[in-house]
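Only one structure is covered here, and it is reproduced in the block below.
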Amino acid sequence: MGKLIWNQWARLIGLTAGVFQVIGGIFAFFYHYSMFNAVININSLFNPFDVFAVICTVTGLIILAIELPLSFFKDTFITNSFIPRILLYIPISFVSVFNYQNVNPALYLFIATLMYLTASIKGETNRVNNTLRSKV
Amino acid sequence: MAESSFFEREFAPKRLAFWIFWFGSHIGLFIYGYLKQLLDPELDQLTAIGISVTVSRGAGLCLGYDGALILLPVCRNIIRYLRLTFLNKLIPFDENIWFHRQCAYSILFWTLVHTFAHYINFIRAEQLHLAPAWVIHYEKPAGITGHVMLLIMVLMYTSAHRSIRQQSFETFWYTHHLAFFFMLCLYTHAVGCFVKTDPKLGPPHCKGYFTWHFTIWGGIIYFFERVLREFRSRQSTQITKVINHPSKAVEIQFAKPSFNYKAGQYLFLNVPKLSKLQWHPFTITSAPDDPYVSVHIRQVGDFTNELAELLGCNNSSEKGYIPKDLPKLRIDGPFGAPAEDVFNNEIAILVGCGIGVTPFASILKNIWYQHQNQRPSKLRRVEFFWICRDTGSFEWFQSLLKTLEATQLEEGFLKFHIYLTSKLRESTIQNIVINDVSSSYDPLTDLESRTHYGRPNFGDVFLKLKRAIESGRYLPETERNLSTNVGVYYCGPSALAKSLKVEVKKANSEGIKFSFHKEHF
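If you're matching them up, the sequences are chains A and B in order.
Going by this note's numbering, the first sequence opens with residue 1, and the numbers climb by one from there.
Going by this note's numbering, the second sequence opens with residue 1, and the numbers climb by one from there.
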């Protein structure tokens, strides 16, 4: 059994977070709700128009585009190393946590970010060596 | 070779019956849960929230159903006993992990339905001045357990993805034990009771589905399964012999008086010195009549490498090195595998690839013992195929095969077909050519049956076999109008398994029944 490749796992969690982020964003077009209503009053951002709906949908799509990765992101500086992702995901998860349905994706994205951080500290590269061991 | 298409695979009668049952039972439960909420006048104040409540209740009932089922297919000790009963003909017990996955996919789907319905519910609840949404989410027990389960699911599902599982089994294995907390949350999800009857209609009482009344049974059964595993693994076990085979294979022989097994079964092995929690499956290669139990372990990963190191097998010096004391072994098993049913066929075709030969080694040994002790057996003919990549691999079981061949039980009872698939060096070829001509034994395997080079063409093999049976040449005494069972048993990579299965299906006919059985890793 081999060693765990952190970025492989981070990518899967990132994809999960991305999907939820988009769904949560679309959800917010119909239901405007600030998750931290009791703590901080930022209702002007939610009513009459929910700014977070746009933010979350767009960032969710960006996450998916980076993680898949889509062809125009392939082999660019964004996908070739983990640092741009880490820098991008931390603000995304910080912002989207305020939106009602995006608390969970924000948490998952944060976990994925921590995993990417571990991956870059451990010196993993993005070139996943997909030589699957023969099991026999 | 052709592979069966998606349509052929998913709509095969057995599979189709399962799908109808599976989707049918879920949709039925969903509708039941949905209507029960909708039509109950005592729950009207909840139904007033909207359609999302009825949807979430229906999905919740489906989740209870899956939650009760998901632990059952991983109770390997219990499955082992069920395999011995008549149920084995009805339920394919060897597909337990496949069923476990179907439960998981189903849980994922209904979780999405349930969760999104609740997101709408809680907003509506706030609008109706029942409670603020964030309070329901993060202060009520149901909300907390729900969120914990979601997080656990993210970690469990992603780490169970094939890419992670094959790269690092340990990560998958350890993360999957979060299931313990998941199940605790599942059982306590209804604590705090949010499905209360309308206070206007008398004193309020809980009127949920009480799914934990039956989901918990899955957990209880699994708990006993784990206790049984622990108990069995603590029975005394002593390593008696370690043999270092070429091609990085290690054979461990051990004695465990409390261990009773049948040929072709497998066991789980744990070495506390390496890891207290890791259990690894290995096929038993000895026969029940042997005074010891043996497993052959090929060094392919962390665990197997470290184990070989611990046993002193990786020492390159001539004399070798003998460890002062051998590590303690813990054994859980044996567990049933398709190969143990080999003896129920008249004709058995055994196909092993590389180290995949191990279950058949046990069976071949058992055949030998059966013959020595003149025990009656249904088995009339055995065709043994061994497909190997390199010549060194042959040495693992060379002595066994040679003994079997020398005893030559009954004329034509056991036939070896050995295939070598790797490219040979020119010098090796020369060597073979020179030695092959004069001697009556094969230069590579030292057996009477010649080694074939390349891959076997099973379509052709089956066709020839069928013709031989039909013409009565193959089994001279049998009446031709009686049906003959031919069992094809395979252990090896799944790519060949698929094509082999197709060939078996093609060969299957009224009088001569071919059946395909695959060993799972």
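Every residue, glycine too, gets a C-beta built ideally from N, C-alpha and C.
Values in this document were obtained by computation on a predicted structure and should not be read as measured data.
Asked, Found
"Continuous beta strand (DSSP E) stretch holding V293(B): start and end", "V293 to R298"
"Neighbour-count burial assignment, P41(B), 16 or more Cβ in a 10 Å radius", "exposed"
"Closer than 8 Å at the beta carbon, the chain B residues around A38(A)", "P132 and W134"
"Partners in chain B for F98(A), counting only beta-carbon separations shorter than 9 Å", "Within 9 Å Cβ-Cβ: nothing; F98(A) doesn't reach chain B, min ~11 Å."
"Contact set between the segment 72-103 of chain A and chain B, restricted to residues whose Cβ is under 9 Å from the partner", "Y100, Q101 and V103"
"Neighbour list for T171(B) in chain A, Cβ cutoff strictly below 8 Å", "L4 and W9"
"C-alpha distance - I42(A) paired with N99(A), whole-angstrom precision", "11 Å"
"Best match in H118(B), H296(B), I49(B) and A160(B) for proximity to Q127(B) [C-alpha to C-alpha]", "I49(B)"
"Same chain, Cβ closer than 7 Å to R135(B), five either side skipped, listed in chain order", "Rather than Arg, the amino acid found at residue 135(B) in this sequence is Val. Around V135(B): no qualifying Cβ."
"Completely contained alpha helix (DSSP H) runs for the segment 100-169 of chain B, where each covers 4 or more residues", "133-138, 141-159 and 162-167"
"Partners in chain B for Y116(A), counting only beta-carbon separations shorter than 9 Å", "In chain order: nothing, as chain B lies at least about 14 Å away."
"Proximity winner among N344(B), G202(B), N77(B) and I347(B), relative to I221(B) (alpha-carbon distances)", "N77(B)"
"Partner residues on chain B for L45(A), Cβ-Cβ distance less than 9 Å", "The contacting residues do not exist; L45(A) stays about 16 Å from chain B at best."
"Proximity to A53(A) [Cα-Cα], best of L88(A), F20(A), R85(A) and W9(A)", "F20(A)"
"Partner residues on chain A for L531(B), Cβ-Cβ distance less than 9 Å", "Residue 531(B) is absent from the structure shown; chain B starts at 1 and stops at 521."
"Beta-ladder partner(s) of Y485(B), from DSSP", "Note that residue 485(B) is Asn in the sequence shown, not Tyr. Note: N485(B) sits in a beta bridge opposite K513(B)."
"Inside the segment 13-67 of chain B only - alpha helix (DSSP H) runs reaching at least 4 residues", "13-38 and 44-47"
"Residue(s) in a DSSP beta bridge with Y490(B)", "V351(B) and K518(B)"
"W279(B), enclosing alpha helix (DSSP H) - first and last residue", "Neither: W279(B) is in no alpha helix (DSSP H) and is coded neither H nor E."
"Neighbourhood of R381(B) by C-beta distance below 6 Å, restricted to the same chain and skipping five residues each side", "I347"
"Contacts of I13(A) in chain B (Cβ-Cβ under 8 Å)", "V154, L155 and T158"
"Listed by chain order, chain B residues near T16(A) by CB distance under 9 Å", "V154, Y157 and T158"
"Partners in chain B for F29(A), counting only beta-carbon separations shorter than 9 Å", "Per Cβ cutoff of 9 Å: no residues; F29(A) is ~13 Å from chain B at best."
"Inter-residue Cα distance where the pair is L326(B) and F254(B)", "11 Å"
"Any chain B beta carbon closer than 9 Å to I23(A)", "yes"
"Extent of the continuous alpha helix (DSSP H) to which Q21(A) belongs", "W6 to F30"
"Range of the contiguous alpha helix (DSSP H) that encloses K543(B)", "Residue 543(B) lies beyond the residue range present for chain B, which begins at 1 and ends at 521; the question has no answer from this structure."
"Whether L496(B) touches Y490(B) by CB criterion (9 Å)", "yes"
"Extent of the continuous beta strand (DSSP E) run through D289(B)", "Here D289(B) belongs to no beta strand (DSSP E), and DSSP marks it neither H nor E."
"Closer than 8 Å at the beta carbon, the chain A residues around I123(B)", "Y31, Y33 and Y100"
"For V242(B): DSSP bridge partner residues", "I252(B)"
"Bounding residues of the alpha helix (DSSP H) (the contiguous stretch that carries D460(B))", "F458 to E470"
"Endpoints, alpha helix (DSSP H) assigned at E230(B)", "W212 to S233"
"Beta-bridge partners of R381(B), as assigned by DSSP", "I347(B)"
"I83(A) versus A119(A) - alpha carbon distance", "10 Å"
"9 Å Cβ cutoff, Q167(B) in contact with chain A", "yes"
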